[in-house]
Amino acid sequence: MSNELEKGTLWKKVVDTTQRAIDNKSLLTIETLSYNIRQQGLNFTVRVAENIKRKREHKRVEPDFNPFLPPEAALTVCDISPSHIAVLNKFNVVEHHLLIVTRQFESQQSLLTMADFSALCHCLPEYPSLGFYNAGEDAGASQKHKHLQMVPLPLYGETEPFPFSTVFAKQSETDTISQLTQLPFKHTFCCLPEGLFENPNLASNHCHHLYHKMLKQLEIARLTGSKEQHHSTPYNLLITRQWMLLVPRTTECWQKISVNAMAYVGSLFVMNQEGLKRLEEIGPVNLLQAVSQ
Numbered sequence: 001m002s003n004e005l006e007k008g009t010l011w012k013k014v015v016d017t018t019q020r021a022i023d024n025k026s027l028l029t030i031e032t033l034s035y036n037i038r039q040q041g042l043n044f045t046v047r048v049a050e051n052i053k054r055k056r057e058h059k060r061v062e063p064d065f066n067p068f069l070p071p072e073a074a075l076t077v078c079d080i081s082p083s084h085i086a087v088l089n090k091f092n093v094v095e096h097h098l099l100i101v102t103r104q105f106e107s108q109q110s111l112l113t114m115a116d117f118s119a120l121c122h123c124l125p126e127y128p129s130l131g132f133y134n135a136g137e138d139a140g141a142s143q144k145h146k147h148l149q150m151v152p153l154p155l156y157g158e159t160e161p162f163p164f165s166t167v168f169a170k171q172s173e174t175d176t177i178s179q180l181t182q183l184p185f186k187h188t189f190c191c192l193p194e195g196l197f198e199n200p201n202l203a204s205n206h207c208h209h210l211y212h213k214m215l216k217q218l219e220i221a222r223l224t225g226s227k228e229q230h231h232s233t234p235y236n237l238l239i240t241r242q243w244m245l246l247v248p249r250t251t252e253c254w255q256k257i258s259v260n261a262m263a264y265v266g267s268l269f270v271m272n273q274e275g276l277k278r279l280e281e282i283g284p285v286n287l288l289q290a291v292s293q
């Protein structure tokens, strides 16, 4: 039996597994209300949790607990490659939120490998989606076991793919690493060639090469450990079929508001109405600047 993803099958597998997980109560969706905030010409969507208590009640507290070894059977979608599998995010805010997980333990602080990009680049062409990686706890990672993530676009059923869509849509020059003047935090950005993902193997090589160039431009060094290469600075990587964005981080949260990769396309999450009020007072742009380099 093949352990590689069959082209054109991922979306149906995600949808079918989601429905089964809902039916047997394995999927514990965090219900949210949506609010919009605008600052410095940027539109933000803020999701406010209504049932975050459920996540706390179900979350395992053992310090060494690894939800991916093995992953929960009811949440396991399919094989992707010899090195990665697809698993649903148990506590999802976005519907059909997928995790791309290494079969064997690798650290979430280790650099992305060709195998990681191969798994991601075989999944991204399957349906409109945003892939991302929270490189370490200070970048918003909640698990130590390496996993990339992928959410369908548009987010939350909105008409635009994500709140910062207009910022990214203005860019067209491919393979040139640059900065977007509207994004008020340190980052590197690069457009990808049209049609690149028609060949996932070519896409994974191309994106892996760009990833290392972006790290180098941001002066994020490789630190060699006993088995893996780690990064010197936490960061968030975001990728679609059209572009890549890499943002170095300083801390996971500010003013009790946590930030992960999705914040850098304008999607924020707070745990309650108090968090929303605090975010409105400090401003989402100020939040991103506080947690980014």
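In UniProt numbering, the protein residues as written are 1 to 293. Glycine included, each C-beta is placed from N, C-alpha and C at the ideal position. Note that this is a predicted model, so its numbers are computed, not measured.
Helix, strand or coil at residue i according to DSSP, with G and I counted as helix
| i | result |
| --- | --- |
| Leu264 | Reading off the sequence shown, one finds Tyr at residue 264, where the question assumed Leu. Looking at Tyr264 - three-state DSSP - the assignment turns out to be helix. |
| Leu88 | strand |
| His206 | helix |
| residue 296 | Lying outside 1 to 293, the shown extent of the chain, residue 296 is not represented and no answer is given. |
| His145 | strand |
| Phe189 | strand |
| Leu130 | strand |
| Phe168 | helix |
| Gln293 | coil |
| Pro125 | helix |
| Val270 | strand |
| Ala139 | helix |
| Arg56 | Any reading at Arg56 must be qualified, since the residue scores a pLDDT of 48, below 50, and its modelled position is unreliable; no value is offered. |
| Met1 | For Met1, the predicted model reports a pLDDT of 48, less than 50, meaning its position is unreliable and no value from the coordinates is stated. |
| Leu153 | coil |
| Leu223 | strand |
| Gln217 | helix |
Status (buried if at least 16 other CB within 10 Å, exposed otherwise) for residue i
| i | result |
| --- | --- |
| Phe189 | buried |
| Glu106 | buried |
| Pro248 | buried |
| Pro63 | exposed |
| Gly8 | exposed |
| Arg56 | Low confidence applies here, because Arg56 scores a pLDDT of 48, under 50, leaving its location unreliable; read the following figure in that light. Arg56 should be labelled exposed. |
| Glu194 | exposed |
| Asn66 | exposed |
| Leu148 | buried |
| residue 306 | Past the boundaries of the shown model lies residue 306; the chain is included only from 1 to 293, so the question cannot be answered. |
| Gly131 | buried |
| Met1 | Low confidence applies here, because Met1 scores a pLDDT of 48, under 50, leaving its location unreliable and the question unanswered by this model. |
| Leu33 | exposed |
| Val14 | buried |
| Gly41 | exposed |
| Leu5 | buried |
| Lys90 | buried |
| Gly157 | exposed |
For residue i, the first and last residue of its enclosing beta strand (DSSP E)
| i | result |
| --- | --- |
| Tyr235 | 235-239 |
| Leu42 | 42-49 |
| Asn199 | Run containing Asn199: none; DSSP gives neither H nor E here. |
| residue 298 | The chain is shown only over 1 to 293; residue 298 falls outside these bounds and no answer can be derived. |
| Val247 | 243-248 |
| Asp79 | 76-79 |
| Thr176 | Neither: Thr176 is in no beta strand (DSSP E) and is coded neither H nor E. |
| Gln182 | Here Gln182 belongs to no beta strand (DSSP E), and DSSP marks it neither H nor E. |
| residue 306 | Within the shown structure, residues of the chain are numbered from 1 to 293, placing residue 306 beyond reach of any answer. |
Enclosing alpha helix (DSSP H) for residue i [first to last residue]
| i | result |
| --- | --- |
| Leu279 | 273-282 |
| Gln19 | 10-23 |
Start-end ranges of the beta strand (DSSP E) lying completely within the region 90-123, minimum 3 residues: 98-102
Is the number of C-beta pairs between the region 207-225 and the region 249-267 that are closer than 8 Å three or more? no
Evaluate contact between the region 152-170 and the region 99-119, counting only Cβ atoms and requiring at least three cross-stretch pairs below 8 Å. no
Indicate whether the contact test is met: 3 or more Cβ pairs, each with one atom in the region 234-247 and one in the region 171-189, closer than 8 Å. yes
Touch test, the region 264-275 against the region 205-219, Cβ-Cβ under 8 Å, three pairs minimum: no
Can we say the region 88-95 touches the region 26-39, given the rule of at least three CB pairs closer than 8 Å? yes
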